[in-house]
Each structure stands twice: as C-alpha cells, then as structure tokens.
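Trainee:
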Amino acid sequence: MMKGNKLVLAIPKGRIFREATPLLKAVGIEPEAEFDDPESRKLSFTTNKYGLNIIRVRSFDVATFVALGGAQLGFVGSDVLMEFDYQEIYAPLDLEIGKCRLIVAQTKETLEIDSPSRSSSMTVATKYPEVTKRYFAERGVQAECIKLNGAMELAPALNLSRRIVDLVDTGKTLAVNGLKEIEQIADVSSRLIVNRAALKTRPKLIGGWIKSFTEVVNGQKVK
Ligand code: PRP
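Residue numbers (our numbering): 15 to 237.
#1: Which residue comes first and which comes last in the alpha helix (DSSP H) that contains Gly-221?
#2: In whole angstroms, give me the CA-to-CA distance for Val-145 and Glu-167.
#3: Could you compute how far the alpha carbon of Gln-198 sits from the alpha carbon of Leu-116?
#4: Pull up the CB-CB distance for Ile-160 and Leu-174, whole angstroms please, since I reckon it's below 8 angstroms.
#5: Suppose the cutoff is 7 angstroms on Cβ atoms and the five residues either side in sequence are ignored; what does the same chain contact list for Leu-23 look like?
#6: Alpha carbon to alpha carbon, what distance is there between Trp-223 and Thr-35?
#7: Buried or exposed: Glu-152, going by 16 or more other Cβ atoms within 10 Å of its Cβ?
#8: To which residues of the same chain is Thr-228 closer than 6 angstroms at the C-beta, ignoring the five residues directly before and after it?
#9: With a floor of 3 residues, list each beta strand (DSSP E) that falls wholly inside the region 143–199, ordered by position along the chain.
#10: Smallest Cα separation from Thr-124: which of Lys-39, Ala-211, Lys-194?
#11: For Ala-157, count neighbouring Cβ atoms within 10 angstroms of its own Cβ and tell me buried if that reaches 16, exposed if not.
#12: Could you tell me how far apart the beta carbons of Phe-98 and Ala-77 are, in whole angstroms, since I believe they sit closer than 8 angstroms?
#13: Nearest to Ser-92 by alpha carbon, out of Arg-32, Val-118, Leu-181?
#14: What residue range is occupied by the uninterrupted beta strand (DSSP E) comprising Ser-92?
#15: Specify, as a first and last residue, the run of the alpha helix (DSSP H) that Phe-74 falls within.
#16: What does a CB cutoff of less than 7 angstroms around Glu-110 pick up in its chain, not counting 5 residues either side in sequence?
#17: Does at least one heavy atom of the ligand PRP sit under 8 angstroms from the Cβ of Arg-29?
#18: Going by DSSP, what residue range makes up the alpha helix (DSSP H) through Thr-61?
#19: Identify, in the order they occur along the chain, each residue of the same chain with its Cβ nearer than 7 angstroms to the Cβ of Asp-201, setting aside the five sequence neighbours on each side.
#20: By the three-class DSSP mapping on this structure, what secondary structure does Pro-52 have?
Next comes the structure, spelled out in structure tokens:
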C-alpha cells in the first residue's frame, strides 16, 4: 500500500459539486456513500476505483492542492485559474459545468450619481484581487481591493467599497442586494486540472482519466 500510488481527485464544495456527481458517474467513478451526505464531516472519500480517492475542499483550495501535488487531479472554476498563476497546473479540458460569469457590480443609487469612467482609483470588494487589479489597470483605473471570502454583495451598502467583483449566475443575489451588473469580466466554467509533474511521472493513469473525462464531455462512446 504505497502512498505514492494513491491518486487524489479534488472536487469543490458548493454548486460545482452538484454538477460534478453525474460527471463522475459517467466516467465510472462511484464514491463511497458519505460523499453525497451534506451533513458528513468527512473530507476524503474512497471510490470504487482502487487507489482513487476524492477530497472535497473549497474551490480556491482545489487549485492549491493540485498545484502542490497533494491532489493529482481536480475540478475547478476558470475564475480560480484566472486568479492564481500556478505553473504546476495544466488545464486540458473544459468540463462545461459550473457555468456562470465574473462581473463588476455597483449599487443602483451610486450608478445614477457616478461617472465611473472618469475615476482613476476605485475601491472594490472581491474574492479575486489579482483579476480585479489587472482588469481595472487595463482600463486606467487603480483598484484598491478589499479581500472578502463571500457575501461581497454587502460591501457597497455598508460603505466598504464602491463596487464588487463577483460571480453571477441567475442574478438573484445581485438583485436582492440592490446591485446592478455594469461590466462582464469573463465567462466562467469548470475545468479539469492536473498536476504537471504527476502527469509526467504517471502518464498512463492520469492521461487515461483525461481521456475518459474528455470522451464523456464530448459525448463520445469509449471504444
Ligand atoms: C456565488 C456568488 C454569488 C452568487 C451568485 O456564491 O458569489 O454570491 O453565487 O449567484 P446568483 O446570481 O444565482 O444569485 P455561492 O452561492 O457559490 O457561494 P460562495 O459565497 O461560497 O461563493
């Protein structure tokens, strides 16, 4: 039972998780029963595939686990990949799940009195300080970022920031918090990511999983 033989797939909690389950099933991975139990405090799960374990972590941490080789494979949003510049991560496949958008939003009230294009600096609350700084800098605006880990939508009303940069799906969260989308930064979807070094040392095994997921996503039958 060599530790080095274990293969670890990192899956994020939250909305990607729900969409990931059918994808796992389609490639023949069946996690142990507790995997589907939201009450479970377990973080690591065995599967029907010998030597393959799944870990359930926060979406930003999927990238960290894969980059550092703690996990060899992962599902992660392209928003997270935009924020981090991990050289060790290779993202060969768009899984076409977890689709949403990364946007800039502002309160309706400030929008009416504002002339944003003329401001040269701007306070922005976000989980994505790197993407935000880059995006605003390209438009000649220096973004002062307030890093929050969730509930960014509260920041403008409570005077933490003028704007937020966040994910939007249905738009409900923005609407109930009195915010309006003003610009789109990027379309987002989940990617299959692998650790480059692991792919080099175990090309057959990890390459095999890349192939299986690719076939499922492309709707092809395995020969
Ligand atoms: C995301 C995002 C928004 C919300 C947008 O949070 O940060 O708050 O979803 O979705 P909507 O447009 O459909 O309302 P999520 O629920 O994924 O939780 P998080 O705060 O942990 O990121």
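Just so it is clear, CB atoms sit at the ideal spot from N, CA and C, and this is done for glycine as well.
These numbers were taken from a predicted model, which means no experiment stands behind them.
Mentor: The short version:
#1: 217–231
#2: 18 angstroms
#3: 6 angstroms
#4: 6 angstroms
#5: Leu-66, Ile-68, Ala-85, Leu-87, Gly-88
#6: 16 angstroms
#7: exposed
#8: Leu-107
#9: 156–161, 177–182
#10: Lys-194
#11: buried
#12: 5 angstroms
#13: Leu-181
#14: Unbroken run through Ser-92 is the alpha helix (DSSP H), 92–97; no beta strand (DSSP E).
#15: 73–81
#16: Ser-203, Val-231
#17: yes
#18: Segment: none, Thr-61 is in no alpha helix (DSSP H) and carries neither H nor E.
#19: Arg-115
#20: coil
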